[in-house]
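Working notes, beginning with the structure itself.
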Amino acid sequence: LQADEMMDPEGQVEGPFNINGEHFDIMTINETVYLNDTELWRIVNNTGIAHPFHIHDIQFNIDNINGGPVPLYLQGLKDVVLVMPMQYVEVITKFEDFADNDIPYMYHCHMLHHEDDGMMGSFRVIDTTATSITNPFESDVMIFPNPATDILNILINNNKGDVEFRVINVTGQTVIENTKYHGEEFSIDISGIPDGIFILEFLYKDEKFLKSFIKEY
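Next comes the structure, spelled out in structure tokens:
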């Protein structure tokens with residue numbers, strides 16, 4: 001993957017900031033990788049300011065800087081690398097721990113005002129080896145409509161116990177606090193959250209699983 005930070009040359013310090021010529025869009029998954037694949041990512045800084053580049057989900061080793069050797073103090077596992085102006089850095093990693101076909105991870109500049117200005121993207125890690133559902137309860141759960149606007153309905157077949165859930169966004173922040181329901185069917189008012197991709201986190205009999213949904217106006 002080449003992450004190329006492009007912006008107006010006249011705004012080299014003040015922005016606007018983006019990656020691959022695009023501002024962050026919560027409805028878009030920018031990249032897809034596969035569990036247990038080893039990938040080399042090139043991070044190119046075409047701006048006049050340094051950017052600390054952070055990747056969620058994994059740690060990586062710096063393979064080279066501008067095609068040259070990596071200093072001793074930059075060797076070892078990292079999750080942030082400082083990319084200097086007009087420089088590129090290549091990092092290598094294996095995606096071997098976490099995967100989800102729907103819920104993405106983020107990569108972004110670690111300077112908050114750059115990230116908020118749109119210098120962020122998302123990637124998902126797909127497990128092509130998964131052949132079964134580990135939690136039998138998960139197969140009994142349906143959420144609809146998806147995408148949803150104001151109300152998200154949840155149907156749990158054959159449920160006789162309490163189910164606790166919360167809604168989180170793709171950065172892990174809780175947007176609807178923990179709520180407990182009993183029975184097979186209930187609804188959630190999602191009118192107060194912004195549009196985008198969200199995760200419904202269920203807790204049932206001490207087991208946790210996730211389902212994603214899209215909120216749109």
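This note's numbering numbers the first residue of the sequence shown as 1 and each following residue consecutively.
Glycine is no exception: its CB is placed at the ideal position from the N, C-alpha and C atoms.
In this text, all values refer to a predicted model and were calculated from it rather than measured experimentally.
Three-way DSSP call (helix, strand, coil) for residue i in this model
| i | result |
| --- | --- |
| residue 187 | strand |
| residue 23 | coil |
| residue 115 | helix |
| residue 200 | strand |
| residue 73 | helix |
| residue 87 | strand |
| residue 121 | strand |
Reference residue i; option with closest CA among the options
| i | options | result |
| --- | --- | --- |
| residue 183 | 167, 162, 203 and 194 | 162 |
| residue 83 | 97, 108, 59 and 96 | 108 |
| residue 201 | 192, 169, 187 and 217 | 169 |
| residue 148 | 157, 217 and 209 | 217 |
| residue 38 | 207, 28, 185 and 61 | 61 |
| residue 174 | 159, 190, 186 and 59 | 190 |
| residue 27 | 207, 157, 197 and 141 | 197 |
| residue 69 | 53, 91, 51 and 59 | 91 |
| residue 113 | 52, 172 and 81 | 52 |
| residue 185 | 159, 78 and 127 | 159 |
Within 8 Å, strictly: CB atoms of residue i and residue j
| i | j | result |
| --- | --- | --- |
| residue 103 | residue 212 | yes |
| residue 123 | residue 30 | yes |
| residue 125 | residue 40 | no |
| residue 203 | residue 144 | no |
| residue 188 | residue 154 | yes |
| residue 80 | residue 54 | yes |
| residue 141 | residue 151 | no |
Chain D within 8 Å of residue i, Cβ atoms only
| i | result |
| --- | --- |
| residue 155 | The structure shown contains no chain D; it holds only a single protein chain. |
(message) If we require 3 or more residues per run, which beta strand (DSSP E) segments fall completely within the stretch 133-167?
(response) 141-144 and 151-156
(message) I want to know whether the stretch 38-48 touches the stretch 69-89 - three or more CB-CB distances under 8 Å.
(response) yes
(request) Answer yes if the stretch 108-120 comes into contact with the stretch 13-28, meaning at least three C-beta pairs across the two stretches below 8 Å, and no otherwise. (result) yes
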